[in-house]
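One structure below.
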Amino acid sequence: MNISIPYGKKQVTVSIHEKNLLGVLHPKRSHSKKPESRVIKEAILNPMGCCRLKDLVSPRETVAIVVPDLTRRCPRELILPILLDELNRGGIKDRDITIFMAIGMHRPLTKAEIGMAFGKSVVKRVKIKNHDPVDKSNLTHLGYVSGGVPAVVNKELMYKDHVIAVGVIEPHLYAGFSGGPKTLSIGMAGEETISFTHSPKFLDKPGVRLGGIKDNPFHRVIMEVACIAKLKFIVNVINDDLGHTIFATAGEPQLAFYRGIEHATLFYRVKVDEPADIIICGVGWPKDASLYQASRALTYITNTQKPIVKKGGLVMVSAQCEDGVGKGIGEQRFYKAMVKEKNPATIVRKMRGRRCAAGEQRTYMVAKSLTYADCAMVGTKIPHIVNKMHMLHFRDFDEALKYAFATRGKDAKIYVVPHALVTLPVSR
Numbered sequence: 001m002n003i004s005i006p007y008g009k010k011q012v013t014v015s016i017h018e019k020n021l022l023g024v025l026h027p028k029r030s031h032s033k034k035p036e037s038r039v040i041k042e043a044i045l046n047p048m049g050c051c052r053l054k055d056l057v058s059p060r061e062t063v064a065i066v067v068p069d070l071t072r073r074c075p076r077e078l079i080l081p082i083l084l085d086e087l088n089r090g091g092i093k094d095r096d097i098t099i100f101m102a103i104g105m106h107r108p109l110t111k112a113e114i115g116m117a118f119g120k121s122v123v124k125r126v127k128i129k130n131h132d133p134v135d136k137s138n139l140t141h142l143g144y145v146s147g148g149v150p151a152v153v154n155k156e157l158m159y160k161d162h163v164i165a166v167g168v169i170e171p172h173l174y175a176g177f178s179g180g181p182k183t184l185s186i187g188m189a190g191e192e193t194i195s196f197t198h199s200p201k202f203l204d205k206p207g208v209r210l211g212g213i214k215d216n217p218f219h220r221v222i223m224e225v226a227c228i229a230k231l232k233f234i235v236n237v238i239n240d241d242l243g244h245t246i247f248a249t250a251g252e253p254q255l256a257f258y259r260g261i262e263h264a265t266l267f268y269r270v271k272v273d274e275p276a277d278i279i280i281c282g283v284g285w286p287k288d289a290s291l292y293q294a295s296r297a298l299t300y301i302t303n304t305q306k307p308i309v310k311k312g313g314l315v316m317v318s319a320q321c322e323d324g325v326g327k328g329i330g331e332q333r334f335y336k337a338m339v340k341e342k343n344p345a346t347i348v349r350k351m352r353g354r355r356c357a358a359g360e361q362r363t364y365m366v367a368k369s370l371t372y373a374d375c376a377m378v379g380t381k382i383p384h385i386v387n388k389m390h391m392l393h394f395r396d397f398d399e400a401l402k403y404a405f406a407t408r409g410k411d412a413k414i415y416v417v418p419h420a421l422v423t424l425p426v427s428r
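Start counting the sequence shown at 1; every next residue gets the next number (my numbering).
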């Protein structure tokens with residue numbers, strides 16, 4: 001059987017005998033023919049838990065719009081014109097609106113990337129800035145929230161009359177789901193906040209998990225930080241596995257986000273009957289641009305209550321990694337911490353229960369996953385780096401499957417998860 005797997009902005013084909021294939025796991029497909037722009041506009045003009053945005057604002061007030069960076073597949077070019085027009089209807093001038101790129105510890109966007117992300121009309125209308133999580137002169141300390149977490153965010157937000165967050169709701173390894181308050185609370189946070197919430201000590205807290213927000217201390221913290229940072233309104237979307245927006249929610253941050261999570265849970269969750277020996281994962285653009293992001297596929301597969309891969313199994317991840325490990329501060333820390341120790345078990349032992357610099361949490365989570373299952377990166381542009389980071393590397397799936405059957409047996413069972421970062425497999 002031939003199955004298509006994302007590889008950058010293209011597709012590659014993997015061929016698997018039906019006797020080996022347990023299933024191809026996809027999130028649910030939407031049959032709606034409604035244009036994406038209409039889905040988004042209807043949400044913005046009919047917000048949950050508050051009046052329309054045009055009625056929330058007043059002339060001469062200032063607005064900050066916090067938007068995710070290029071690691072999120074967000075339809076910025078569709079959302080922002082609608083959002084700006086609605087603010088204009090409330091008397092807000094374009095000159096009083098600033099868009100902030102919520103990069104967290106990732107690299108800042110170039111001028112060309114900003115143009116690509118928003119389109120020429122938005123770039124001409126308003127100011128667009130990259131957040132800087134390291135420059136303390138750009139940050140303000142708002143106090144402490146649950147668990148003693150320091151709430152340090154971009155101080156320019158505090159000078160704005162209104163703060164709006166745009167985001168994409170998809171499964172997240174720590175927060176349960178991305179989007180909602182996370183765009184601000186982590187994307188616009190200082191390194192101090194990011195390091196605290198992303199340390200092994202914090203991530204090992206009960207309740208921190210993929211696809212769940214109930215009793216999740218990570219989720220609680222980002223909600224509290226967003227609250228004291230004056231987040232008043234959100235616009236969040238849910239995309240299908242092809243990147244098309246099929247649902248949008250807007251309004252009061254908590255109500256709108258929770259409504260989005262209800263839809264996301266129904267959309268992304270897939271039930272499976274038994275674990276497999278081998279999992280084949282697709283990631284696709286933009287997440288497979290770096291090993292830092294692409295490695296999420298491994299951690300999503302192994303960090304569930306009942307993993308769908310057997311212990312000692314093999315997780316294959318198709319990814320280009322054209323940016324190598326990644327160019328941001330956090331990505332480079334991930335690499336250095338991974339290659340520092342001789343094996344994943346040593347990494348886990350030395351990092352468990354400790355604080356770490358932002359970015360090194362990915363080292364901890366990947367190392368934990370590698371103590372459960374092996375990982376083979378397929379088709380990356382950095383094979384030598386992959387090997388140094390305690391993972392296998394293969395040129396293509398033919399080579400990878402040859403190795404897999406030689407080591408796991410010719411009758412090894414396989415799940416294919418073409419869009420691993422937006423699929424929540426749940427064992428029955």
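A virtual CB, placed ideally from N, CA and C, is assigned to each residue, including glycine.
Whether L421 touches R269 by CB criterion (7 Å): Numbered from its first residue, the sequence shown carries residue 421 at position 421. Numbered from its first residue, the sequence shown carries residue 269 at position 269. No. Outside cutoff.
Beta-ladder partner(s) of Q11, from DSSP: Counting from one through the sequence shown, the residue named residue 11 turns up at place 11. Its beta-bridge partners are P6.
Same chain, Cβ closer than 6 Å to P418, five either side skipped, listed in chain order: To locate residue 418, count along the sequence shown from 1; it is residue 418. The answer, listed in chain order, is I5, G282.
Delimiting residues of the alpha helix (DSSP H) encompassing C227: Here the question's residue 227 lines up with position 227 in the sequence shown. Per DSSP, C227 belongs to the alpha helix (DSSP H) from 217-228.
Counterpart residues of I65 in DSSP-defined beta bridges: Counted from its first residue, the sequence shown places residue 65 at position 65. According to DSSP, which records beta bridges pairwise, I65 is partnered with I99, I164.
Reduced DSSP secondary structure (H/G/I, E/B, other) of D374: On the sequence shown, position 374 is the one that residue 374 refers to. Reduced to three states, the DSSP call for D374 is strand.
Spatially closest choice to E224 from L109, G207, V153, H244, by CA coordinates: The residue given as residue 224 occupies position 224 in the sequence shown. It is V153 whose Cα lies nearest to the Cα of E224.
Cα-Cα separation between L314 and R352, rounded to whole angstroms: Locating residue 314 in the sequence shown gives position 314, counting from the first residue. Locating residue 352 in the sequence shown gives position 352, counting from the first residue. So the alpha carbons of these two residues sit roughly 24 Å apart.
Contact belief for A358 with I194 at Cβ below 8 Å, rounded distance in angstroms: The residue given as residue 358 occupies position 358 in the sequence shown. The residue given as residue 194 occupies position 194 in the sequence shown. With 8 Å as the limit, A358 and I194 qualify as a contact, their Cβ atoms being about 4 Å apart.
Closest residue to C74 among E36, V126, L173, N303 (Cα-Cα distance): The sequence position of residue 74 within the sequence shown is 74, counting from 1. Minimum Cα distance to C74 is reached at E36.
Residue range of the unbroken alpha helix (DSSP H) whose run includes D85: The sequence position of residue 85 within the sequence shown is 85, counting from 1. In the DSSP assignment, D85 falls within the unbroken alpha helix (DSSP H) covering 76-89.
With 16 other Cβ atoms within 10 Å as the buried cut-off, status of H31: Residue 31 sits at position 31 when you count from the first residue of the sequence shown. The C-beta of H31 has fewer than 16 other C-beta atoms within 10 Å across all chains shown, which makes the residue exposed.
Residue(s) in a DSSP beta bridge with P425: In the sequence shown, the residue the question calls residue 425 occupies position 425. When DSSP reads this structure, P425 sits in a beta bridge with V270.
Whole-angstrom distance between C356 and M1, CA atom to CA atom: Locating residue 1 in the sequence shown gives position 1, where the first residue counts as 1. Locating residue 356 in the sequence shown gives position 356, where the first residue counts as 1. Cα to Cα, M1 sits roughly 44 Å from C356.
Own chain residues within Cβ distance below 7 Å of A294, not counting five before or after: In the sequence shown, residue 294 corresponds to position 294, counting from 1. Excluding sequence neighbours, A294 sits near V283, K287, D288, V317, A319, C321.
L53: first and last residue of the uninterrupted alpha helix (DSSP H) it sits in: Taking the first residue of the sequence shown as position 1, residue 53 is located at position 53. Residues 53-56.
Nearest candidate by alpha-carbon position, reference L203, set I228, C227, E191, Y174: As a working mapping, residue 203 is identified with position 203 in the sequence shown. The shortest C-alpha separation from L203 is found at Y174.
Backbone secondary structure at D135 - three-state DSSP: As a first step, residue 135 must be located in the sequence shown, where it is residue number 135. Here D135 sits in coil by DSSP.
Straight-line Cα distance separating R38 from Y415: On the sequence shown, residue 415 is found 415 positions in, with the first residue counted as 1. On the sequence shown, residue 38 is found 38 positions in, with the first residue counted as 1. Y415 and R38: Cα-Cα distance of roughly 36 Å.
Stretch pair the region 11-27 + the region 256-271: three plus CB contacts closer than 8 Å: Counting C-beta pairs with one atom in each stretch, the region 11-27 and the region 256-271 have three or more that are closer than 8 Å, which means they touch.
Start-to-end residues for the alpha helix (DSSP H) that takes in A250: In the sequence shown, the residue the question calls residue 250 occupies position 250. Per DSSP, A250 belongs to no alpha helix (DSSP H); it is in the beta strand (DSSP E), 245-251.
Three-state secondary structure (DSSP) of T380: As a first step, residue 380 must be located in the sequence shown, where it is residue number 380. Here T380 sits in coil by DSSP.
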